[in-house]
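Colleague: Okay, handing you the structure first.
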Amino acid sequence: MIAPRLFLLFLLLLISFSQPLRGVFIDCGANVESTVNGLEWVPDTSYISTGTSKNLAQEVLIPTLATLRTFHLQNNVFKKFCYEIPVDRTRKYLVRTTYYYGGVNGNVNPPVFDQIVDGTLWSVVNTTEDYLSGNLSYYEGVFMPTGKNLSVCLAANTYTDSDPFISALEVVPLWDQLYNSTDFKAYALGLVARHSFGYDEPVIGYPDDQFNRYWAPFGEYAFPQSTSQNLAVSGIWNLPPAKVFQTRLSRSLAVPLTLLWPPGPLPGSESYYIALYFADDQSSASGNSRTLDITINGVTYYTNLSVTPAGIVVFANQWPLSGVTNLTLTPSPGSNVGPLINAGEVFRVLQAGGKTLARDVIAMINLKRSFHNPPADWSGDPCLPSQYSWTGVTCSEGARIRVVSLNLTSLNLSGSISSSITRLTALTSILLGNNGLSGTIPDVSSLKGLEILHLEDNHLSGMIPPSLGNLRNLRELFLQNNNLTGQVPSNVTGKPGLTLRYTPGNPLLTPSQP
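Here the sequence shown stands for residues -23 to -1, 1 to 491, numbered as in mature numbering (1 follows the signal peptide of the UniProt record, and there is no 0).
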């Protein structure tokens, strides 16, 4: 357990809510731009090349819910379909996905599926309860990109019974100091709850929150009190909006305040990032001292917390929670006023999924580009999460993730074989048979571990590279039914232990001379 840390107002930060919000706001399935609540939403076609755009038959109150994009389920279990958003890989990003089913698949209940960011399995998307209550669902997380693009992916799992879908996607860069006690190279954060306590109005977002984080109302019927509208809180760590300090939950007497928060039971064996925000609207000059002891499920979280008008946040990086959570605020000995709390956030701490070796990723992207019709799920990380590697791609395990096998047999591929395939130096097998590939065979002499090369039943032309005979581990070479020319290299025909097939087909190919 990592002890909570305390940050006072020591940052000289002036927040201007008039500045435009930076980020990408994608209206999935839409074909025109729109402006909603001051945010510019764009169609999704620049960020994804698969899936089907659909319009909802029913009316919706929020324009971005009127369209969505679906992804065909049949034969696509454990295949991911990704949005690719250009980013600055040195910054962390808030990612929010929004879902409103609207009966688009014809089933009564929406499908259940997974969502993935880069190589990290983020969460299961289950919108059933919200949808049956007439509500949208949203998921929010904080992630550090692993490359020049941030991949946000949907994927069917074994529980998915109809096409996965998405209504909106937001990717917003965050300032360095936000949540910066987390090592985002090793972890990501998945939002569990973010609330403004004692608040009973619509969800707080942009422009009150300059990053468009959503602060939901909580506890409006349990000990709410308004605070001074002039409370000067402007630089608390994580930069919560000033509006959350205009309401609070509190006790007027010096007695404990207990909240069931976050609402709902939490799964065990998980660690959570917890941040609690406080500001008092009375100064110590009034003669009252507001200090708190904080416990979570009976475990001491922080003691003798002095709450002042300047504002304060107490947070823990990795705190174990399980089941129902009781948050108790108790006046410290000597405190003569009741406890209060203004806002809080809880994130599930996610183990970052890592990434495939960069040179392999670049090579796979170039190979994809050389195919005219690559598999629809060839987006995002080629290997990760491991259960969602690209169609036909097998990868190694461990700390260094490499592509070790390609099996794209009979996928109706056309185009050519990029020379970048030679940079996949961990490959042991390449199976590209029974497709419509043309062009020449690349020189794969760099693939020292290659054991199997199947290129049969294509439209390949040119000569057989003599370097194939120098691959020590090569034991199968299938080249029949192509348009190869020239002479079969003697070091290929004479290679011990090699199963070689270059006929039938290849009428202009001649055997090597003894």
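Don't be surprised by glycine CBs; every beta carbon is placed ideally from N, CA and C.
For Ser(-6) and Tyr183, what's the separation of their Cα atoms in angstroms?
Modeller: Your numbering for residue -6 matches position 18 in the sequence shown. Your numbering for residue 183 matches position 206 in the sequence shown. The pLDDT assigned to Ser(-6) is 41, lower than 50, so where the model puts this residue is not dependable; a value taken from the coordinates is nonetheless given after this. Using only the alpha carbons, I get a separation of about 10 Å.
Colleague: In terms of residue numbering, what span does the alpha helix (DSSP H) encompassing Arg336 cover?
Modeller: Taking the first residue of the sequence shown as 1, we reach residue 336 at position 359. Run containing Arg336: 335 to 347, per the alpha helix (DSSP H) assignment.
Colleague: Going straight from the alpha carbon of Gly83 to that of Thr104, what length do you get?
Modeller: Taking the first residue of the sequence shown as position 1, residue 83 is located at position 106. Taking the first residue of the sequence shown as position 1, residue 104 is located at position 127. Taking C-alpha positions only, Gly83 is separated from Thr104 by approximately 15 Å.
Colleague: Going straight from the alpha carbon of Tyr156 to that of Asn215, what length do you get?
Modeller: Along the sequence shown, one-based indexing puts residue 156 at 179. Along the sequence shown, one-based indexing puts residue 215 at 238. Near 6 Å, if we compare the C-alpha coordinates of Asn215 and Tyr156.
Colleague: Label Lys56 either buried or exposed according to how many other C-beta atoms from any shown protein chain fall within 10 Å of its C-beta, with 16 as the threshold for buried.
Modeller: On the sequence shown, position 79 is the one that residue 56 refers to. Counting Cβ neighbours within 10 Å, Lys56 comes out buried, since at least 16 surround it.
Colleague: Thinking Leu427 and Leu456 are a contact (beta carbons under 8 Å), I'd like their distance in whole angstroms, please.
Modeller: The residue given as residue 427 occupies position 450 in the sequence shown. The residue given as residue 456 occupies position 479 in the sequence shown. Contact doesn't hold; Cβ gap of about 14 Å is too wide.
Colleague: Could you give the first and the last residue of the continuous alpha helix (DSSP H) run that contains Ser467?
Modeller: Taking the sequence shown and counting its residues from 1, the one referred to as residue 467 is at position 490. Ser467 -> alpha helix (DSSP H) spans 467 to 470.
Colleague: Using a 10 Å radius around the Cβ and a threshold of 16 neighbouring Cβ atoms, would you call Tyr60 buried or exposed?
Modeller: As a first step, residue 60 must be located in the sequence shown, where it is residue number 83. So Tyr60 counts as buried.
Colleague: Rounded to whole angstroms, what's the CA-CA distance from Leu432 to Ser395? Just pull it up for me.
Modeller: Position 455 of the sequence shown, counting from 1, holds the residue named residue 432. Position 418 of the sequence shown, counting from 1, holds the residue named residue 395. Rounded to the nearest angstrom, the two C-alpha atoms are 14 Å apart.
Colleague: If I follow the unbroken beta strand (DSSP E) through Tyr254, where does it start and stop?
Modeller: Working through the sequence shown from its first residue, we reach residue 254 at position 277. Residues 243 to 255.
Colleague: Measuring straight from C-alpha to C-alpha, what distance separates Met(-23) and Asp337?
Modeller: To locate residue -23, count along the sequence shown from 1; it is residue 1. To locate residue 337, count along the sequence shown from 1; it is residue 360. Its pLDDT being 36, under 50, Met(-23) is placed unreliably in this model, and the coordinates cannot settle the point.
Colleague: Leaving out the 5 sequence neighbours to the left and right, which residues in its chain are closer than 7 Å to Pro481 when beta-carbon positions are compared?
Modeller: Taking the first residue of the sequence shown as 1, we reach residue 481 at position 504. Gln457, Asn458.
Colleague: Could you name the residues of the same chain whose beta carbon sits closer than 8 Å to that of residue 511, not counting the 5 residues immediately before and after it, in chain order?
Modeller: Residue 511 cannot be examined here, being either before or after the span of the chain that is shown, -23 to 491.
Colleague: With burial defined as no fewer than 16 other Cβ atoms inside 10 Å of the residue's Cβ, what is the status of Asn313: buried or exposed?
Modeller: Stepping through the sequence shown from its first residue, residue 313 is reached at position 336. With fewer than 16 other Cβ atoms within 10 Å, it is exposed.
Colleague: With a cut-off of 8 Å on the beta carbons, I'd call Leu327 and Tyr164 a contact; round off their distance for me.
Modeller: Locating residue 327 in the sequence shown gives position 350, where the first residue counts as 1. Locating residue 164 in the sequence shown gives position 187, where the first residue counts as 1. About 6 Å; that satisfies the 8 Å criterion.
Colleague: Quick one: is Ile143 buried, meaning 16 or more other Cβ sit within 10 Å of its Cβ, or exposed?
Modeller: One-based indexing of the sequence shown puts residue 143 at position 166. Answer is buried; the Cβ neighbour count reaches 16.
Colleague: Let's test the definition: count the other Cβ atoms within 10 Å of the Cβ of Gly15 and tell me whether it reaches 16, buried, or not, exposed.
Modeller: Stepping through the sequence shown from its first residue, residue 15 is reached at position 38. It counts as exposed.
Colleague: Could you give the first and the last residue of the continuous alpha helix (DSSP H) run that contains Leu50?
Modeller: In the sequence shown, residue 50 corresponds to position 73, counting from 1. Leu50 -> no alpha helix (DSSP H), and no H or E assigned at all.
Colleague: Among all the DSSP beta bridges, which residues are the ones paired with Trp296?
Modeller: Here residue 296 refers to the residue found at position 319 of the sequence shown. In the DSSP output, where bridge partners are listed per residue, Trp296 has Tyr249.
Colleague: With a CB to CB cut of under 6 Å and the five nearest residues on each side skipped, what residues in its chain are close to Gly410?
Modeller: Here residue 410 corresponds to residue number 433 of the sequence shown, with the count starting at 1. Correct list, in chain order: Thr386, His431, Glu433, Asp434.
Colleague: Could you check the C-alpha separation between Asn53 and Val72 for me, to the nearest Å?
Modeller: Residue 53 sits at position 76 when you count from the first residue of the sequence shown. Residue 72 sits at position 95 when you count from the first residue of the sequence shown. For Asn53 and Val72, the distance between alpha carbons rounds to 25 Å.
Colleague: For Gly446, which of helix, strand or coil comes out of DSSP?
Modeller: On the sequence shown, position 469 is the one that residue 446 refers to. Annotated three-state conformation of Gly446 is helix, per DSSP.
Colleague: Could you tell me which residues DSSP puts in a beta bridge with Ile394?
Modeller: Position 417 of the sequence shown, counted from the start, is the residue given in the question as residue 394. Per DSSP, none; premise fails for Ile394.
Colleague: Buried or exposed for Ala133, going by 16 or more other Cβ atoms inside 10 Å?
Modeller: By 1-based counting over the sequence shown, the position of residue 133 is 156. Classification for Ala133: buried.
Colleague: Nearest to Phe255 by CA position, among Ser246, Leu334, Pro217, is which residue?
Modeller: By one-based count along the sequence shown, residue 255 stands at place 278. The shortest Cα separation from Phe255 among Ser246, Leu334, Pro217 belongs to Pro217.
Colleague: Pick helix, strand or coil for Lys57, following the three-state DSSP scheme.
Modeller: Locating residue 57 in the sequence shown gives position 80, where the first residue counts as 1. In the three-state reduction of the DSSP assignment, Lys57 falls in the strand class, which pools E and B.
Colleague: Take Ile63 as the anchor and find which of Ile3, Leu113, Asn8, Phe324 has the nearest alpha-carbon.
Modeller: By 1-based counting over the sequence shown, the position of residue 63 is 86. Note on residue identity: the sequence assigns Pro, not Ile, to residue 63. It is Ile3.
Colleague: Look at the alpha carbon of Pro(-4) and the alpha carbon of Val13, and state the distance between them as a whole number of angstroms.
Modeller: Residue mapping note: residue -4 aligns to position 20 of the sequence shown, counting from 1. Residue mapping note: residue 13 aligns to position 36 of the sequence shown, counting from 1. Approximately 13 Å, taken between the alpha carbons.
Colleague: Measuring only the C-alpha atoms, how far is residue 498 from Leu127?
Modeller: For the chain, the structure presents residues -23 to 491; residue 498 sits outside this window and is missing.
Colleague: For Ser266, tell me which candidate among Thr29, Tyr249, Ser229, Ser373 has the shortest Cα-Cα distance.
Modeller: In the sequence shown, counting from the first residue as 1, residue 266 sits at position 289. Of the candidates Thr29, Tyr249, Ser229, Ser373, the one whose C-alpha sits nearest the C-alpha of Ser266 is Ser229.
Colleague: Taking only the alpha-carbon atoms, compute the straight-line gap between Thr27 and Ala287 and give it to the nearest angstrom.
Modeller: Here residue 27 refers to the residue found at position 50 of the sequence shown. Here residue 287 refers to the residue found at position 310 of the sequence shown. For Thr27 and Ala287, the distance between alpha carbons rounds to 50 Å.
Colleague: Just to confirm before moving on: does the CB-CB distance between Val119 and Leu151 stay below 8 Å?
Modeller: If you number the sequence shown from 1, residue 119 lands on position 142. If you number the sequence shown from 1, residue 151 lands on position 174. Contact: yes.
Colleague: Could you compute how far the alpha carbon of Trp367 sits from the alpha carbon of Thr235?
Modeller: Against the sequence shown, residue 367 aligns to sequence position 390. Against the sequence shown, residue 235 aligns to sequence position 258. Roughly 48 Å separates the two Cα atoms.
Colleague: Helix or strand or just coil, what does DSSP make of Gln223?
Modeller: For the purposes of this step, residue 223 is taken as residue 246 along the sequence shown, with counting starting at 1. Gln223: helix per DSSP, three-state reduction.
Colleague: For Phe(-17), collect the residues of the same chain with a Cβ closer than 7 Å to its Cβ; drop the 5 residues on either side in sequence, then sort them by chain order.
Modeller: The sequence position of residue -17 within the sequence shown is 7, counting from 1. Residue confidence for Phe(-17) is low, a pLDDT of 32 falling below 50, so the modelled location carries little weight; the figure read from the coordinates is stated next. Only Trp214, Val290 meet the Cβ criterion.
Colleague: Would you mind reading off the limits of the beta strand (DSSP E) that contains Glu106?
Modeller: Within the sequence shown, numbered from 1, the residue matching residue 106 stands at position 129. Glu106 -> not in any beta strand (DSSP E); alpha helix (DSSP H) instead, spanning 105 to 109.
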